[in-house]
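Colleague: When you line the sequence shown up against my numbering, it's residues 628 to 1088, in that order.
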Amino acid sequence: MAFISPAFVLFFLAVLLCLRLAPSRHLRYWIVLASSAYFYFTWKHVYIFVLATPIVVDYFCGIRIEGSSNPRVRKSWLAVGVVSNLLLLGYFKYANFFFGSVAVLAPIGISFFTFKAISYIIDIYRGDLAACRNPVLFATYVSYFPDLLAGPIVRASAFLPQMVRSLQPTWPRAVVGSQMILLGLTKKLVIADQMAPFVNAIFADAAAYSPLTVWSAVIAYSLEIYCDFSGYSDMAIGMSKIIGIDLPENFNMPYLAMSPIEFWRRWHMTLTKWLRDYLYFSLPGLRKSRWSRYRNAGITALLGGLWHGASWTFVCWGAVHGLGIAANHLWIARRGRATDQRLWIRTSCWVATYIFICVTWVLFRAQSFAVAGIVLRKMSGLAPGGIAWFYSPLVMVLPLVIGGHAIGVMAARRICSHRITGNYVLLPLPGFAGVFLGMCWLLVMLLFGATGGNPFIYFQF
628 MAFISPAFVL
638 FFLAVLLCLR
648 LAPSRHLRYW
658 IVLASSAYFY
668 FTWKHVYIFV
678 LATPIVVDYF
688 CGIRIEGSSN
698 PRVRKSWLAV
708 GVVSNLLLLG
718 YFKYANFFFG
728 SVAVLAPIGI
738 SFFTFKAISY
748 IIDIYRGDLA
758 ACRNPVLFAT
768 YVSYFPDLLA
778 GPIVRASAFL
788 PQMVRSLQPT
798 WPRAVVGSQM
808 ILLGLTKKLV
818 IADQMAPFVN
828 AIFADAAAYS
838 PLTVWSAVIA
848 YSLEIYCDFS
858 GYSDMAIGMS
868 KIIGIDLPEN
878 FNMPYLAMSP
888 IEFWRRWHMT
898 LTKWLRDYLY
908 FSLPGLRKSR
918 WSRYRNAGIT
928 ALLGGLWHGA
938 SWTFVCWGAV
948 HGLGIAANHL
958 WIARRGRATD
968 QRLWIRTSCW
978 VATYIFICVT
988 WVLFRAQSFA
998 VAGIVLRKMS
1008 GLAPGGIAWF
1018 YSPLVMVLPL
1028 VIGGHAIGVM
1038 AARRICSHRI
1048 TGNYVLLPLP
1058 GFAGVFLGMC
1068 WLLVMLLFGA
1078 TGGNPFIYFQ
1088 F
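1. Quick one: Cα of residue 634 to Cα of residue 640, how far?
2. Give a yes or no on whether the C-beta atoms belonging to residue 660 and residue 767 are separated by under 8 angstroms.
3. Give me the Cα-Cα distance between residue 919 and residue 897, rounded to the nearest whole angstrom.
4. Return helix, strand or coil for residue 605, following the three-state DSSP convention.
5. CB-CB under 7 angstroms to residue 980, same chain, minus the five flanking residues each way: which ones, in chain order?
6. In the region 667-734, which residue ranges form an unbroken alpha helix (DSSP H) of at least 4 residues, counting only runs that do not cross its ends?
7. Checking 8 angstroms against the spacing of the C-beta atoms, do residue 785 and residue 746 come in under that value?
8. Rounded to whole angstroms, how far is the Cβ of residue 762 from the Cβ of residue 686, which I believe are closer than 8 angstroms?
9. Give the range of the alpha helix (DSSP H) segment to which residue 899 is assigned.
10. Output the distance between the C-alpha atoms of residue 650 and residue 877, rounded to the nearest integer angstrom.
11. What are the start and end residues of the alpha helix (DSSP H) that includes residue 862?
12. Spatial neighbours of residue 827 within its chain, please: C-beta separation below 8 angstroms, excluding the five flanking residues on both sides.
13. Leaving out five residues before and five after residue 642 in sequence, what residues of the same chain have Cβ atoms less than 8 angstroms from its Cβ?
14. Among the residues of its own chain, which have a CB less than 8 angstroms from the CB of residue 905, if the five just before and after it don't count?
15. Please look up how many angstroms separate the CB atoms of residue 737 and residue 692, rounded, as I've assumed it's under 8 angstroms.
16. Near residue 987, which residues of its chain fall below 7 angstroms by C-beta distance, leaving aside the five closest residues on each side in sequence?
17. What are the residues that DSSP puts in a beta bridge with residue 808?
18. Report yes or no: do the region 810-825 and the region 1019-1028 share at least 3 C-beta pairs separated by less than 8 angstroms?
19. For residue 925, collect the residues of the same chain with a Cβ closer than 8 angstroms to its Cβ; drop the 5 residues on either side in sequence, then sort them by chain order.
20. Going by other Cβ atoms of all chains shown within 10 Å of its Cβ, with 16 needed for buried, is residue 755 buried or exposed?
21. Just the Cα atoms here: how many angstroms apart are residue 930 and residue 638?
22. With a threshold of 16 other CB atoms inside 10 Å of the CB of residue 969, please say whether the residue is buried or exposed.
23. Tell me which residue opens and which closes the alpha helix (DSSP H) that residue 968 is part of.
24. Between which residues of its own chain and residue 872 is the CB-CB distance below 6 angstroms, once the five residues before and five after are set aside?
25. If distances are taken between C-alpha atoms only, which option among 722, 740 and 652 comes closest to residue 683?
26. So residue 841 and residue 833 are supposed to be a Cβ contact under 8 angstroms. How far apart are they, rounded?
27. What does DSSP give as the partner residue(s) for residue 1014 in the beta ladder?
28. Run through DSSP, which three-state label would residue 951 get?
29. Quick check: is the beta carbon of residue 831 nearer than 8 angstroms to any beta carbon in chain E?
30. Using C-beta distances below 7 angstroms, list every residue in its chain close to residue 899, excluding the 5 sequence neighbours before and after it, in chain order.
31. By how many angstroms is the C-alpha of residue 909 removed from the C-alpha of residue 701?
32. Check whether the Cβ atoms of residue 688 and residue 707 lie closer than 8 angstroms to each other.
33. Write down the C-beta distance between residue 1018 and residue 830 rounded to the nearest angstrom, noting that I regard them as a contact closer than 8 angstroms.
34. What is the DSSP secondary structure of residue 880, counted as helix, strand or coil?
35. In three-state terms, what does DSSP make of residue 639?
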């Protein structure tokens, strides 16, 4: 049951109606949990048991860790929780990669809900979080359907305290949430899905096309993957906003970054913070020397690449980003500052960073090193000639993307200048004006949005 389907719309409306009519907060907890279980059950029935595994194991591990004062016992239960999640993730996601098996299919969203469960027990072990004694609330946290399949990766310390709310949909939250959903739909249908046919065709036979066409396809893919993934995040955040839960921001205009470090502070922010807090800081030698920090940053990026998929191209993609981040740290250490404030320097840094990101996206998108090699040879001009394809939808959406980023920058400055707290407040248009804008937005998507119903890219991770 995909987000963009009539079945899901009816499902979500039914969930909101039940939450609105439920007489007690406890019953609303059960409604959210049952809805989440049903939502995951519709994808592949048997995998509901895979989702149940970290719920059961980590619920008891968290209680055991908190209830013991013996360091060895606490560490043992932590190991049980972490290892069980990693074994689950490793078997279903990486058995094909390491052992050549073809019989194992990864349950959808497994990378996300196992990371949520791991962060929960680590936070308890560190003393940053109290164990959840209510099994319904903990099961709801792990299986919460808006962010279950592709994030954001919300932590228990942010999610569980919000469960004291009434979870009854209200009009103000519905206005903001609906705007986020419409924004996500626009990104997905009007931009990402419009770029997909062009990108797929070029990457299927890059040798047949001219260097400029291949470059256009890589730029189109940079827009496709950003609008596809951030579009899902926007929709998840918007739906959750209507329900009554605030999910963390996951993207902050990453293509405005002027360095690889800044890019990862803006792209898939919840994963970046997760890897930083639970992997980077846990690696040995962090405080010994700056070279140890660079090494740890490279290892973290490498494992982050492997997290994205069981393929050597993903590993290489992570390794290249790790080298870029390490080089970026070295540059800052030598110069004493991240970026020169002169306009031409900032512009040069932005261009260089965007080119670096686009080149690495080739490794991310290509199905093999052979395909990546052909695309990179075309981009470098070492393989001239080929068919020139002017893809007009790319030219049409570029002003939309640029304008959207400009509006985002102005909105961010306004929020900072007025010290406004809270995210995702887009347009204060309640009542008829908000409904009218929403209908116009839907009309634009019906006229210009893709109709193929492409699945979200990050569902495979």
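Note that beta-carbon positions come from the ideal geometry of N, C-alpha and C, so glycine has one too. Quick caveat: nothing in here was measured; it's all calculated off a predicted structure.
Modeller: Let's see:
1. As a position in the sequence shown, residue 634 is number 7, starting the count at 1. As a position in the sequence shown, residue 640 is number 13, starting the count at 1. Approximately 10 angstroms, taken between the alpha carbons.
2. Start at 1 with the first residue of the sequence shown, and residue 660 comes out as number 33. Start at 1 with the first residue of the sequence shown, and residue 767 comes out as number 140. The answer is yes: Cβ separation under 8 angstroms.
3. Working through the sequence shown from its first residue, we reach residue 919 at position 292. Working through the sequence shown from its first residue, we reach residue 897 at position 270. Those two C-alpha atoms are separated by around 24 angstroms.
4. Absent from the model: residue 605. The displayed extent of the chain is 628 to 1088, so no value can be given.
5. Taking the sequence shown and counting its residues from 1, one reaches residue 980 at position 353. 884, 885, 886, 887 and 890.
6. Here the runs fully enclosed are 675-694 and 698-726.
7. Stepping through the sequence shown from its first residue, residue 785 is reached at position 158. Stepping through the sequence shown from its first residue, residue 746 is reached at position 119. No, they are not a contact pair.
8. Locating residue 762 in the sequence shown gives position 135, counting from the first residue. Locating residue 686 in the sequence shown gives position 59, counting from the first residue. The C-beta separation of residue 762 from residue 686 comes to about 6 angstroms, placing the pair in contact by the 8 angstroms criterion.
9. Numbered from 1 along the sequence shown, position 272 holds the residue referred to as residue 899. Run containing residue 899: 896-905, per the alpha helix (DSSP H) assignment.
10. By 1-based counting over the sequence shown, the position of residue 650 is 23. By 1-based counting over the sequence shown, the position of residue 877 is 250. Spanning the two alpha carbons is a distance of roughly 33 angstroms.
11. Residue numbering aside, residue 862 sits at position 235 when the sequence shown is read from its first letter. Membership of residue 862 in the alpha helix (DSSP H) is indicated by the continuous run 838-870.
12. Position 200 of the sequence shown, counted from the start, is the residue given in the question as residue 827. Excluding residues up to 5 positions away in sequence, nothing lies with its Cβ nearer than 8 angstroms to the Cβ of residue 827 in the same chain.
13. As a first step, residue 642 is located in the sequence shown; it is residue number 15 there, counting from the start. Correct list, in chain order: 658, 659, 662 and 870.
14. Your numbering for residue 905 matches position 278 in the sequence shown. For residue 905, same chain residues with a beta-carbon under 8 angstroms away, outside a window of 5 residues either side, are 745, 746 and 749 in chain order.
15. Indexing the sequence shown from 1 puts residue 737 at position 110. Indexing the sequence shown from 1 puts residue 692 at position 65. The beta-carbon distance between residue 737 and residue 692, rounded to whole angstroms, is 23 angstroms. This is too long to meet the 8 angstroms contact definition.
16. Within the sequence shown, numbered from 1, the residue matching residue 987 stands at position 360. Only 944, 947 and 948 meet the Cβ criterion.
17. Residue mapping note: residue 808 aligns to position 181 of the sequence shown, counting from 1. DSSP, once it has assigned bridges, lists no residue as partnering residue 808.
18. Because the criterion of three Cβ pairs below 8 angstroms is met, the region 810-825 and the region 1019-1028 touch.
19. Here residue 925 corresponds to residue number 298 of the sequence shown, with the count starting at 1. Beyond the five residues adjoining it in sequence on each side, residue 925 comes within less than 8 angstroms, by CB distance, of 946, 949, 950, 952 and 953 in the same chain, given in chain order.
20. The residue labelled residue 755 in the question sits at position 128 within the sequence shown. For residue 755, the number of other beta carbons within 10 angstroms of its own is below 16, and it is reported as exposed.
21. On the sequence shown, position 303 is the one that residue 930 refers to. On the sequence shown, position 11 is the one that residue 638 refers to. One Cα belongs to residue 930, the other to residue 638, and the distance between them is close to 36 angstroms.
22. The residue you call residue 969 lines up with position 342 of the sequence shown. By the neighbour-count rule (16 or more Cβ atoms within 10 Å), residue 969 is not buried but exposed.
23. For this step, residue 968 is matched to residue 341 along the sequence shown. Where residue 968 is concerned, there is no enclosing alpha helix (DSSP H), given that its DSSP letter is neither H nor E.
24. Along the sequence shown, read from residue 1 onward, the residue named residue 872 stands at position 245. Excluding residues within five positions, the ones whose Cβ falls inside 6 angstroms are 789.
25. Taking the sequence shown and counting its residues from 1, the one referred to as residue 683 is at position 56. Cα-wise, what sits closest to residue 683 is 740.
26. Numbered from its first residue, the sequence shown carries residue 841 at position 214. Numbered from its first residue, the sequence shown carries residue 833 at position 206. Taking a contact as a CB-CB distance under 8 angstroms, the pair residue 841 and residue 833 counts as one, their CB atoms being some 6 angstroms apart.
27. Position 387 of the sequence shown, counted from the start, is the residue given in the question as residue 1014. 836, per the DSSP bridge assignment.
28. Taking the first residue of the sequence shown as position 1, residue 951 is located at position 324. Reduced to three states, the DSSP call for residue 951 is helix.
29. The structure shown has no chain E; it contains just one protein chain.
30. Within the sequence shown, the letter at position 272 stands for residue 899. So the qualifying residues of the chain are 891 and 892.
31. Indexing the sequence shown from 1 puts residue 701 at position 74. Indexing the sequence shown from 1 puts residue 909 at position 282. In a straight line, the C-alpha of residue 701 is about 17 angstroms away from that of residue 909.
32. Sequence index remark: in the sequence shown, residue 688 carries index 61 (1-based). Sequence index remark: in the sequence shown, residue 707 carries index 80 (1-based). The beta carbons of residue 688 and residue 707 sit closer together than 8 angstroms.
33. Numbered from 1 along the sequence shown, position 391 holds the residue referred to as residue 1018. Numbered from 1 along the sequence shown, position 203 holds the residue referred to as residue 830. Not confirmed; about 13 angstroms, so no contact.
34. Along the sequence shown, one-based indexing puts residue 880 at 253. In the three-state scheme derived from DSSP, where H, G and I count as helix and E and B as strand, residue 880 is classed as coil.
35. Translated into the one-based positions of the sequence shown, residue 639 becomes position 12. Correct three-state label for residue 639: helix.
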